[in-house]
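Read the structure below first, then the notes.
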Amino acid sequence: MRVYNTLTKKKEDFVPLRENKVGMYVCGVTVYDYCHIGHARSILVFDMIYRYLKNKGYQVTYVRNFTDVDDKIINRANKEGVSSKEIAERYIEAFYQDVDTLGALRPDVEPKATEHIAEMIELIKRLEDKGIAYKAGEDVYYEVRKFPEYGKLSGRSLEEMMAGARIEVDEKKRDPLDFALWKASKPGEPWWESPWGKGRPGWHIECSAMSMKYLGESFDIHGGGMDLIFPHHENEIAQSEGATGKPFVKYWIHNGFVNINKEKMSKSLGNIILIRDILSRWDAEVLRLFLLKTHYRSPIDFSYDLMDSEKESLDRLYRTKEKVEDLLAKKTSASADEETQKVVESIKSLHNSFFEAMDDDFNTALAVGKFFEAAREFNRFVDRSGASEAQKALVAEAMDAFMKDVQDVFGILQKPASLWFAVPEDGLPLPKEEIEKLVAERAQARREKNFKKADEIRDYLKSKGIVLEDRPDGTTVWRLQG
RNA sequence: GGCGGCGUAGCCAAGUGGUAAGGCAGGGGACUGCAAAUCCCUCAUUCCCCGGUUCGAAUCCGGGCGCCGCCUCCA
Numbered sequence: 070m071r072v073y074n075t076l077t078k079k080k081e082d083f084v085p086l087r088e089n090k091v092g093m094y095v096c097g098v099t100v101y102d103y104c105h106i107g108h109a110r111s112i113l114v115f116d117m118i119y120r121y122l123k124n125k126g127y128q129v130t131y132v133r134n135f136t137d138v139d140d141k142i143i144n145r146a147n148k149e150g151v152s153s154k155e156i157a158e159r160y161i162e163a164f165y166q167d168v169d170t171l172g173a174l175r176p177d178v179e180p181k182a183t184e185h186i187a188e189m190i191e192l193i194k195r196l197e198d199k200g201i202a203y204k205a206g207e208d209v210y211y212e213v214r215k216f217p218e219y220g221k222l223s224g225r226s227l228e229e230m231m232a233g234a235r236i237e238v239d240e241k242k243r244d245p246l247d248f249a250l251w252k253a254s255k256p257g258e259p260w261w262e263s264p265w266g267k268g269r270p271g272w273h274i275e276c277s278a279m280s281m282k283y284l285g286e287s288f289d290i291h292g293g294g295m296d297l298i299f300p301h302h303e304n305e306i307a308q309s310e311g312a313t314g315k316p317f318v319k320y321w322i323h324n325g326f327v328n329i330n331k332e333k334m335s336k337s338l339g340n341i342i343l344i345r346d347i348l349s350r351w352d353a354e355v356l357r358l359f360l361l362k363t364h365y366r367s368p369i370d371f372s373y374d375l376m377d378s379e380k381e382s383l384d385r386l387y388r389t390k391e392k393v394e395d396l397l398a399k400k401t402s403a404s405a406d407e408e409t410q411k412v413v414e415s416i417k418s419l420h421n422s423f424f425e426a427m428d429d430d431f432n433t434a435l436a437v438g439k440f441f442e443a444a445r446e447f448n449r450f451v452d453r454s455g456a457s458e459a460q461k462a463l464v465a466e467a468m469d470a471f472m473k474d475v476q477d478v479f480g481i482l483q484k485p486a487s488l489w490f491a492v493p494e495d496g497l498p499l500p501k502e503e504i505e506k507l508v509a510e511r512a513q514a515r516r517e518k519n520f521k522k523a524d525e526i527r528d529y530l531k532s533k534g535i536v537l538e539d540r541p542d543g544t545t546v547w548r549l550q551g
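Just so it is clear: in the first sequence, position 292 is 361 by the working numbering, and no numbers are missing.
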């Protein structure tokens, strides 16, 4: 398996530090508001990576934190006149609602910053002892000039950054790029006792402290959105390696951004789309497929139209799944004849290509394409050949094996097809009884060759948004349009 | 100003030296009483433009145009 490493700017062979074990840390969210589509991408990209590593047999320890002490939380709390704790708890709960609906697997550990203050203080003390951190007033800063490799992740030198610095010069800092490890708390802010007085941690130190606590001083994968490369991850490296003298992370993985109409989503542009808004309109699997069809490092442009067309794609895969389910239900023991064998081999070969694509830096777009090709092979055999049900079932088994991995790794096609196509009991354009009565009437009319009446009924239902599908066995199924 | 990315069909998108995956939409056909679904064919002689390297380039090099991100909180 090869993985693109932000640190080296190259694809590298993936070799975990400890055989068969993978430690993975992903920067979670600051809990001061509802999560948006950008968070969803990061969550789902790393969910896919976590799922794939497990699927390949690695023993993965996945850690994702909550930043529950931060300026933005404090501001929100003050604005609402409640405690920071209350804000954090509220949005942690909202976060869980969102990720659960998205079908993202829970990480193995989900540490909160406020529960690891002691570890952070410990780490800051280590840096202080080494002379890398300095106290300035009640604050403690990291002295970037003491870490010669500062800038290695983001690919810039201190000199370049100094030249282009738009950072306001803080009198207390020795250097404008120095960053806070510990901040003295102002009145009304949460605080903890520390060797430097009452205060709270800087943002970057929590990830160094928590990742090393749960994964060790050196671990395999650290991920997050592209925007975290600088300064957050750069500072994490400086803190961790500065303290331990050991390489912090082997592979840095960063996902691309979600844009709205080619523009970055931002509060100031007012183009934020929340996860919960999307999930009220589409099933989470539609969003997953939408994201999967673009490589995780590329920017992706979100739009409702694109989601609609992705829904069409998924429906198609579910129709295929429906046929697989039906065939497996009545499977019999038979050995494959020559034609069947050919199709089975072809599907297996595509199944294999799926893994090859995934092994190449998680090329989900290619991998999804392979599954669509297999679906076509399967449909062609099942709907067109004169093969027996037993032979078709053998092909369905090969397709099912492929689909199991797609479900496992991509988190799509997880429902029974009947559930996917199930119509809601309420909110139907017509009462369910009436629809079924009309469908039965039409069936009668068709038996009597009264096609005029049959078509009238079908057109009427169509005008109400109900589509009929006559099966070869004489039955008729109905579905809601799009 | 510094650093980085991108530009492939109507739309989305994979492909980084060997002759353009896949999906959505569209057109034609098979199937069907007619449809729907499914399948087949079709839909980029060409990958932003101009030069160059090469037997061979969407892929490498040089120049240009356009879009975007980071350098400040940010997934």
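Think of the CB as a built atom: it goes at the ideal place given N, C-alpha and C, for glycine as much as any other residue.
As the structure is a computational prediction, the values presented were derived from the model and not from experiment.
Alpha carbon to alpha carbon, what distance is there between K241 and L174?
Cα to Cα, L174 sits roughly 44 Å from K241.
DSSP has I369 in a bridge; who is on the other side?
In DSSP, I369 forms a bridge with V327.
To the nearest angstrom, how far is the alpha carbon of V492 from that of Q483?
Spanning the two alpha carbons is a distance of roughly 17 Å.
In the DSSP assignment, what residue or residues form a beta bridge with M93?
Y131, I290.
Please return the same chain residues whose Cβ sits closer than 8 Å to the Cβ of I347, not counting the five positions on each side in sequence.
Around I347: I106, A109, L356, M376.
Over what stretch of residues does the alpha helix (DSSP H) that includes R449 continue unbroken?
R449 -> alpha helix (DSSP H) spans 433-453.
Could you spell out where the beta strand (DSSP E) holding D167 opens and where it closes?
Not the beta strand (DSSP E): D167 falls in the alpha helix (DSSP H), residues 153-171.
Can you give me the Cβ contacts of V168 inside the same chain, cut-off strictly under 7 Å, excluding the 5 residues immediately before and after it?
I112.
By DSSP, does I142 sit in helix, in strand, or in coil?
Helix at I142.
For M230 and F490, what's the separation of their Cα atoms in angstroms?
If you take the alpha carbons of M230 and F490, they lie about 55 Å apart.
Tell me, to the nearest whole angstrom, how far the beta carbon of L383 is from that of L358; I am working on the premise that it is less than 8 Å.
So it is a contact: roughly 5 Å between Cβ atoms.
Would you mind working out which of P264, T183, E408, I369 sits nearest V451, comparing C-alpha positions?
Checking every option, the nearest Cα to that of V451 belongs to E408.
Check the DSSP bridge columns for Y73 and list the partner residues they point to.
DSSP lists K80 as partners of Y73.
Quick one: measure Cβ to Cβ for F135 and A182, integer angstroms, because I've assumed they're closer than 8 Å.
So it is a contact: roughly 7 Å between Cβ atoms.
Measuring straight from C-alpha to C-alpha, what distance separates E258 and I143?
So the alpha carbons of these two residues sit roughly 7 Å apart.
Grouping DSSP H, G and I as helix and E and B as strand, with all else coil, what is P245?
If DSSP states are grouped into helix, strand and coil, P245 belongs with coil.
My output table needs one value for T545: the three-state DSSP class, helix, strand or coil.
Note: T545 maps to strand in three-state DSSP.
Going by DSSP in three states, W11 sits in which element: helix, strand or coil?
No answer is possible for residue 11: it lies beyond the span of the chain, which begins at 70 and ends at 551.
In whole angstroms, give me the CA-to-CA distance for D82 and I369.
Approximately 26 Å, taken between the alpha carbons.
Figure out for me which residue from S457, A398, Q513 has the closest Cα to the Cα of G543.
Answer by Cα proximity: Q513.
Could you check where the beta strand (DSSP E) with K336 kicks off and where it finishes?
Note, K336: premise wrong, no beta strand (DSSP E); not H, not E.
Please determine, among K319, S487, K331, Q460, the residue with the shortest C-alpha to C-alpha distance to K390.
Ranking the options by Cα distance to K390, first place goes to S487.
Under 8 Å: do the region 85-101 and the region 115-128 share three or more Cβ pairs, one atom per stretch?
At 8 Å Cβ cutoff, the stretches touch.
Who are the near neighbours of A278 in its chain, counting only those whose CB is closer than 7 Å to its CB and skipping five residues on each side?
Same-chain partners within the cutoff: H185, E188, M189, L192.
In the DSSP assignment, find the alpha helix (DSSP H) that holds D296 and state where it starts and stops.
Segment: none, D296 is in no alpha helix (DSSP H) and carries neither H nor E.
When you compare the CB positions of V209 and A202, do they come within less than 8 Å of one another, or not?
Cβ distance < 8 Å, so V209 and A202 count as in contact.
Does the distance from the C-beta atom of L196 to that of G311 stay below 8 Å?
Cβ distance < 8 Å, so L196 and G311 count as in contact.
Buried or exposed: E162, going by 16 or more other Cβ atoms within 10 Å of its Cβ?
Exposed: under 16 other Cβ atoms inside 10 Å.
Closer than 8 Å is the cut-off here; do at least three beta carbon pairs connect the region 296-313 with the region 334-343?
Segments in contact, no.
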